[in-house]
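Chains as they are written, first to last, in my numbering: chain E, 1 to 275; chain P, 1 to 173. Notes follow the structure.
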Amino acid sequence: MRNILDLLWQIRFTLLFVTFEAIALYFIIRHNGYQQSIILSASSSFTGRVQERYDRVLDYFSLRQANEALVRENALLRASLKESFVLSSKKVFYREDTVYRQRFEYVPARVIRSTFNRRSNYLVIDKGEDDGIHKDMGVITSQGVVGIVHSASKHYASVLSMLHKDVRLSGRIKRSGYVGTVRWEGGSAEEAALTEVPGHVVLRAGDTVITSGYSLIFPAGQPIGVVKRHFMREGDHFHTITLELLTPFRGVDHVYVIRDLAREELDQLKLPQDE
Amino acid sequence: MNNLIVRNVLRFFVLLVLQVFVLDNVHLGGYINPYLYVLFVLLLPFETPGWLVLTSSFLLGIGVDIFSGTGGIHAAALTLMAFMRPLTLTFIASRREYEPGINPTIADLGLQWFVSYAGFLILVHHLSLFMLEMFSFSGFFDTLKRAFLSSLVTFTLILIIQYLFYPVRSSRI
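Here it is as structure tokens:
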């Protein structure tokens, strides 16, 4: 007995090290395990409040860009006012949203924390369950797609950025209508890959890629990126396409969370296999 | 002695705040990040008891993790680095004894000693950090590249700080 205690005392430094590593590993696994509280800390009220205050200071530095983005968006909205349109009988058939029930609602939110330098990136926004934010809702800016809500606490929500190794989006090439899968392959925060586009599709640099509307997360037609480079490997039947992302992930601030009013109904349909 | 404790406690918090609020927002060339907070472990006095080195490193790591929402990767990496510190010290040749009053700085032990001491420990930390972040061996060489480049940036920053705060000629403390 005495010897065992002596031995334990002798290796106490190693024992303490192993204990700490075990605790850290437990945190990592719980974190990676995609339990509810992935950014537990950021969503919990203390650090959330600190982040928010810090962010409020940083806001002053980006006022100019924020204003510019808002002005641009105002112009766009103004352009889509009724007054800006000439009544044309042809147009009406395409304006489905005014003819049919409203399906999507947009909840504005601010980003209080974001990363884009890791392989798995997250954002934290200042709206949560109290504002009707739930898991698996899409998040966009006026420029393009941002990500998917991962978990929500009362007042905050964490968002899986498009710059996350596990995020896949269904993207449609606007000009030809073909659908592929968009995913981020690491590296630059400005580029992503579009895969599974068959080789016979004619591509041009500058083609816009939008959401397909096949998933229940994003409505169809949200911009994702534009084709930057494309080529075909010898013997391959699919294009290798690099997209330039339209969302400026380095400076995302104002975002919209998309609430799908038909969600419950569609979920009840029990689709055989959905993403 | 008291002065020494206050200095190290202060350094703990200053480095934590600096890391979380300033350096986490620095991205060189897209995704190279300096992790300056490792300086805390590097500069702990030689006479610090082993358990205190481990505990304070673990706490600093957890602090960085909490604020950057990264689970426990910083805690794991920094604790590993703290564990390696005594081993590293025995393997590096020094022209002076590691006795109380002597600090692990360029000013006290010379550039050559510091480069091997800090360089090795920073590599240990960054490599384990980036691997834990990926949590898989896919893209292994890309991870390796990121770890080496970030280590280089961190190391350069630490060298600059050493020359700013611990001038070689006048010996402080």
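Glycine is no exception: its CB is placed at the ideal position from the N, C-alpha and C atoms.
**OP:** Kindly indicate if chain E contains any beta-carbon less than 8 Å away from that of Gly-139 (chain P).
**Re:** yes
Original post:
Just reading off the alpha helix (DSSP H) that Leu-59 (chain P) is part of, what are its end residues?
Top reply: 50-68
**OP:** Would you list the one or two residues that DSSP bridges to Val-159 (chain E)?
**Re:** E:Leu-123, E:Val-149
Subject >> Touching by the beta-carbon criterion (3+ pairs, under 8 Å), the region 82-102 of chain P and the region 110-117 of chain P >> reply: yes
Original post:
Is the region 193-206 of chain E touching the region 141-152 of chain E in the sense that three or more CB pairs, one from each, lie closer than 8 Å?
Top reply: no
Original post:
From the DSSP output, which residues share a beta bridge with Arg-183 (chain E)?
Top reply: E:Arg-168, E:Ala-193
Subject >> Beta carbon of Ser-57 (chain P) nearer than 8 Å to that of Leu-78 (chain P) >> reply: yes
**OP:** Measure from the alpha carbon of Val-107 (chain E) to the alpha carbon of each residue in E:Arg-168, E:Gln-268, E:Phe-61, E:Val-139, then state which is nearest.
**Re:** E:Val-139
**OP:** Mind reading off the beta-carbon distance from Ile-158 (chain P) to Ala-118 (chain P)? Whole number of angstroms is fine, and I expect it under 8 Å.
**Re:** 6 Å
Subject >> Separation of Phe-83 (chain P) from Asp-276 (chain E), as counted between CA atoms >> reply: A query on residue 276 (chain E) cannot be resolved here, the shown segment of chain E reaching from 1 to 275 and no further.
Original post:
What's the call for Ser-21 (chain E), buried or exposed, on a 16-neighbour Cβ count within 10 Å?
Top reply: Here residue 21 (chain E) turns out to be Glu, not Ser, going by the sequence shown. By the neighbour-count rule (16 or more Cβ atoms within 10 Å), Glu-21 (chain E) is buried.
Original post:
In chain order, what residues of the same chain have a beta carbon less than 7 Å from the beta carbon of Tyr-122 (chain E), not counting five sequence neighbours either side?
Top reply: Ile-39, Thr-115, Ser-158, Val-159, Leu-160, Ser-161
Subject >> Closer than 9 Å at the beta carbon, the chain E residues around Ala-147 (chain P) >> reply: In chain order: nothing, as chain E lies at least about 12 Å away.
**OP:** Below 6 Å CB to CB, which residues in the same chain sit around Gln-51 (chain E) once its five sequence neighbours on both sides are set aside?
**Re:** Ile-112, Arg-113
Subject >> chain P contact for Gly-186 (chain E) (CB, 8 Å cutoff) >> reply: yes
Original post:
In whole angstroms, what separates the C-alpha of Tyr-26 (chain E) from that of Gly-71 (chain P)?
Top reply: 9 Å
Original post:
At what residues does the beta strand (DSSP E) containing Ser-114 (chain E) begin and finish?
Top reply: 104-114
Original post:
Would you say Ile-28 (chain E) faces chain P, with C-beta separation under 8 Å as the test?
Top reply: yes
Original post:
Counting contacts by CB-CB distance shorter than 8 Å, is Trp-113 (chain P) in contact with chain E?
Top reply: no
Original post:
Under 8 Å, do Gly-147 (chain E) and Val-167 (chain E) count as touching if we go by C-beta distance?
Top reply: yes
Subject >> Proximity below 8 Å, CB of Leu-54 (chain P) to CB of Phe-17 (chain E) >> reply: yes
Original post:
Taking the beta strand (DSSP E) that Thr-208 (chain E) falls in, what are its first and last residues?
Top reply: 208-211
Original post:
By how many angstroms is the C-alpha of Arg-172 (chain E) removed from the C-alpha of Val-209 (chain E)?
Top reply: 5 Å
Original post:
Which residue from E:Val-257, E:Leu-15, E:Ile-241, E:Lys-165 puts its Cα closest to that of Glu-129 (chain E)?
Top reply: E:Val-257
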